[in-house]
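In the working numbering, the protein residues as written are 2 to 139.
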């Protein structure tokens, strides 16, 4: 149910919908690599730049988009977090542990976290966000 390589793992539901994508940023070595297909509502890229490399200045155009659900990214700087992943009907799919330098992108379904060690991370999600309207705990 998942496609894997040395630094990337997809978590899929029984219909092959992409629920989550785990990336170990400590193992990526390309100068620039986007790990998500262009059609997804949230994009993840990793960069490995050498001293004096330049990304040309640029602006992003205003572009209306329709977003069906809230995508979320957890970037773990330090620690260890166990994650349970669920499909859109709240059915358990898989457990995974992320550690230093890893990230997980949640695109569909549900999830839970448990800190197995003291952990430092950031969470990034699409906004605007209203916890009452955008989240159901189960």
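All C-beta atoms, glycine included, are put in the ideal place defined by N, C-alpha and C.
For residue 99, the CB contacts under 8 Å within the same chain, skipping 5 residues up- and downstream, are 23, 75, 77, 81, 82, 84 and 105 in chain order. Contact between residue 73 and residue 115 does not hold, since their C-beta atoms are separated by about 16 Å, which reaches or exceeds 8 Å. For the 8 Å CB-CB criterion, residue 88 and residue 20 form a contact. For residue 74, the enclosing beta strand (DSSP E) starts and ends at 73 to 79. Annotated as distal: residue 102 and residue 47, with beta-carbon spacing of 8 Å or more. Secondary-structure assignment with DSSP links residue 46 through a beta bridge to 35. The C-alpha of residue 35 is placed about 6 Å away from the C-alpha of residue 45. For residue 119, the number of other beta carbons within 10 angstroms of its own is below 16, and it is reported as exposed. Buried is the label assigned to residue 14, since at least 16 other Cβ atoms lie within 10 Å of its Cβ.
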